[in-house]
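Asks: So that we are looking at the same thing, I have put the structure below in structure tokens.
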Amino acid sequence: MKELNTTTKNKPTSIDEEKRDFLFITTTGLAIAGGGAFAWSMIDTMNPSKDVLALSTTEVDLSPLEEGQSLTVMWRGKPIFIRHRSESEISSADNVSVEDLPHKESDESRVKNPKWLVVVGVCSHLGCVPLGQKIGDNKGEYGGWFCPCHGSHYDTSGRIRKGPAPLNLEIPPYEFVSDDIIRIG
Amino acid sequence: MDNQENKKVGVTGWIDKRLPVFTFINHNLRDYPTPKNLNYFWNFGSLAGITLVIMIVTGILLAMQYTANTDIAFDSVERIMRDVNNGWLLRYIHMNGASMFFIIVYIHMFRGLYYGSYKYPREILWMLGVVILLLMMATAFMGYVLPWGQMSFWGATVITNLFSAFPVIGDYIVTFLWGGFSVDNPTLSRFFVLHYLLPFAIVGVVALHLVALHQFGSNNPTGVDVKSSGDTIPFHPYYTVKDYFGLGVFLIVYAALVFFAPNFLGHPDNYIPANPLQTPAHIVPEWYFLPFYAILRAVPDKLTGVLLMFAAVLVLFLLPWLDKHKVRSATFRPFYKQFYWLFFINCIVLGWVGAMPAEGVYVLIARIASVYYFSFFLIIMPLLSRFEKVSELLPSSISAAVLSKKFDKDVNESYAK
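Chains as they are written, first to last, in the numbering used here: chain A, 15 to 199; chain B, 77 to 493.
If you want it as structure tokens, here you go:
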């Protein structure tokens, strides 16, 4: 440190370096711990709150859905695509060689009951909602879904087949509560 | 100044040559020569700055959760208290932070009043401080409206109605402030926007306050100007450590309030949703407005009451010209010192009667206290400026004061050991 311009008469003759180190380390340590605890509790307020987390399950009754029909439900603010697949759709999804796919997943591993495909309707490219749920929608070259934003094609198992998206449509956690009712989340 | 010291190398040197931030920090927070005799009352400036930062950080996080709409504002605050992670902590820190901010700023101001910090050449420094106080009052008032409880609503109604006291234009001003014909959604909406905006205006004025401060440096307990480098010590480490210690003590008090008595300074009625059809029995503003509220209620005439209440703050702008006594510090002004402490007690009394119902003996006390409040500034200060003699005890310099037996016996005792 620079020499001080003070006129202090009785300068201490010796400095207890060890004591100073102890004070410095404990003070700094406590400041970091306290500051960190404060910073984290403040930042944590931006994480999902209890009322948001409370919305994280949705039950869906599948019985009104005829073969070939689709249903879109909301779960955690996102669309969930549920499709009652026909025999031809199941077989077209099943007959693909997994090795040829960009994101290698068999149809079997993506369903709990082959008749019902449940996927998160959010394109794995940049988050748009693909078309294909409504009658008359462009379902893409593989009969599943087509994302209009950047041209990604998904097949009847919701797997990416063509276009910029890197991954298949995500499968949300869900289970069959009964034969006709599923609980998502 | 010290060019050798500032010739840095490496990345800091490269940046500093183009953008002298490191030189700036060095001059203002490290080498910055500071009177060597500052007592703990000089901690409150930095404490106020830190509290302002705490208020802005917690305020921004609260604004992410709050909804400024009369239908859901109250519920959105309750959601913060119950559902948001640590939301209760966030809100209690912000809520009590307002009180802490005012305590600190009031002590800061009483320190300036005692040691004559508003006198030449620090007049603008003082006046910028009064601007900050006014901005703080506006911000605090509008912040109190946001939870949309009974006190929020009726506080907003009463305070905005102050402007209706002005003849002819009064009603137009009030309608304009409300954006309607009563305190309602447009009012809440604009109050939220302004409550978010004004703190940044405060930051701007604080920056000017610091520029003005560093032009002549801090005043000190003797009120005597710095005469030589022997009167000063570098800000770092001496005052960074002193400020840091003071911060620790302050945070203990603040945390005690937040964790053990978060609603101690608030009013329970504000946990009742706003109801435009029913006024609570006792309308009381937040404690930091009570002395001014007492002055308002002490006057039987509406317009005069309002004008005097505003004047109670605005008179502070004139302080450097009301008190023209050559000696700054009350330590060396035996008469001023007594009137000063009377004024201090008088402010506490005003705060106390402000919280009492406006009837009976309280009105009388409020009137006497209001008269003294203004007399102190407008009569006593100018008279003392003329007639109070300069004390023989006034030291010739800070160093002389520190070493003098008359100034502080304790210091000498410690030297003797």
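We put the beta carbon where it would ideally sit given N, CA and C, even for glycine.
(1) So, under 8 Å CB-CB, B/Y315 and B/T110 are touching, yes? Tell me the CB distance rounded to an integer number of Å.
(2) Give a yes or no on whether the C-beta atoms belonging to A/G157 and A/V133 are separated by under 8 Å.
(3) Considering only the beta carbon of each residue, do B/V382 and B/L394 sit closer than 8 Å?
(4) For A/M15, which three-state DSSP category applies?
(5) Just to confirm the assignment, what range does the beta strand (DSSP E) spanning A/D75 have?
(6) Measuring only the C-alpha atoms, how far is B/A476 from B/L440?
(7) Closer than 7 Å, Cβ to Cβ, to anything on chain B: give me those residues from the segment 42–63 of chain A, in chain order.
(8) Among B/A445, B/R409, B/E464, which residue has its Cα nearest to the Cα of B/V425?
(9) Exposed or buried, what is B/Y116 when buried is set at 16 or more other beta-carbons lying within 10 Å of its beta-carbon?
(10) State the start and end residues of the unbroken alpha helix (DSSP H) segment that holds B/M432.
(11) Would you mind working out which of B/F120, B/P96, B/S152, B/R106 sits nearest B/L323, comparing C-alpha positions?
(12) May I ask you to verify whether the segment 185–203 of chain B touches the segment 159–166 of chain B, counting CB pairs closer than 8 Å and requiring at least 3?
(13) Residues in the same chain with beta-carbon distance under 7 Å from A/D194, minus the five sequence neighbours each way, listed in chain order, please.
(14) Using beta carbons (cut-off 8 Å, strictly below), is A/D151 in contact with chain E?
(15) Just how far apart, CA to CA, sit A/V66 and A/W89?
(16) Find the residues of chain A that neighbour B/I159, judging by a C-beta separation of less than 7 Å, and give them in chain order.
(17) Would the beta-carbon of B/P352 fall within 8 Å of that of B/S228?
(18) Any idea which residues DSSP pairs B/R198 with across the strands?
(19) B/I156 lies in the beta strand (DSSP E); which residues open and close that run?
(20) Tell me which residues share the same chain as B/K482 and place their Cβ nearer than 7 Å to its Cβ, disregarding the 5 neighbours each side in the sequence.
(21) Going by DSSP, which residues form a beta bridge with A/F160?
(22) Along chain A, which residues have their Cβ under 8 Å away from the Cβ of B/N162?
(23) Do the segment 91–107 of chain B and the segment 162–178 of chain B make contact, defined as three or more Cβ pairs closer than 8 Å?
(24) In chain A, which residues lie less than 8 Å from B/V85 when you measure between Cβ atoms?
(25) Starting from B/M171, find everything on chain A with Cβ-Cβ shorter than 8 Å and list it in chain order.
(26) For B/L201 and B/H285, which I take to be in contact (beta-carbon distance under 8 Å), what is that distance rounded to the nearest angstrom?
(27) Rounded to whole angstroms, what's the CA-CA distance from B/F419 to B/F452? Just pull it up for me.
(28) Let me confirm a value: B/K493 is counted as buried when at least 16 other C-beta atoms fall within 10 Å, else exposed. Which label applies?
(29) For a test of the three-state rule: what should DSSP assign to B/P458, helix, strand or coil?
(30) So, does the CB of B/V133 fall closer than 8 Å to a CB anywhere in chain A?
(31) Contact defined as beta carbons within less than 8 Å: I believe B/S473 pairs with B/F408. What is the distance between those atoms, to the nearest angstrom?
(32) Who are B/H103's beta bridge partners in DSSP?
(33) Hey, how far is the Cα of B/L460 from the Cα of B/I309?
(34) Just list the residues that DSSP pairs B/G225 with in beta bridges.
(35) Report yes or no: is there a C-beta of chain A within less than 8 Å of the C-beta of B/L114?
Replies: Quick answer:
(1) 6 Å
(2) no
(3) no
(4) Because the pLDDT at A/M15 is just 41, under 50, the model does not fix this residue reliably, and the value given afterwards should be weighed accordingly. In the structure shown, A/M15 sits in coil (DSSP, three-state: anything other than H, G, I, E or B).
(5) 72–75
(6) 48 Å
(7) S55, M56, D58, T59, M60, N61, S63
(8) B/A445
(9) exposed
(10) Element bounds for B/M432: n/a, residue is neither H nor E.
(11) B/F120
(12) no
(13) D75, L76, S77
(14) Within the model displayed, chain E is absent; protein chains A and B are what it includes.
(15) 11 Å
(16) With the sequence shown as reference, residue 159 of chain B is identified as Asp, and Ile is not the correct amino acid for it. Neighbours of B/D159 on chain A, chain order: S63, K64, D65.
(17) no
(18) Per DSSP, none; premise fails for B/R198.
(19) Looking at the DSSP string, B/I156 is not in any beta strand (DSSP E); the run it does join, the alpha helix (DSSP H), is 149–158.
(20) Because B/K482 carries a pLDDT of 48, less than 50, the predicted location of this residue cannot be relied on, and the following value inherits that uncertainty. L469, listed in sequence order.
(21) A/L145, A/H167
(22) S55, M56, D58, T59
(23) no
(24) Near B/V85 there are no residues of chain A at all, since even the closest Cβ is about 18 Å away, more than 8 Å.
(25) In chain order: nothing, as chain A lies at least about 15 Å away.
(26) 6 Å
(27) 7 Å
(28) For B/K493, the predicted model reports a pLDDT of 49, less than 50, meaning its position is unreliable; a value from the coordinates is still stated below. That one is exposed.
(29) helix
(30) yes
(31) B/S473 to B/F408, Cβ: 13 Å. No contact.
(32) B/H103 pairs with nothing; no bridge assigned.
(33) 34 Å
(34) B/P349
(35) no
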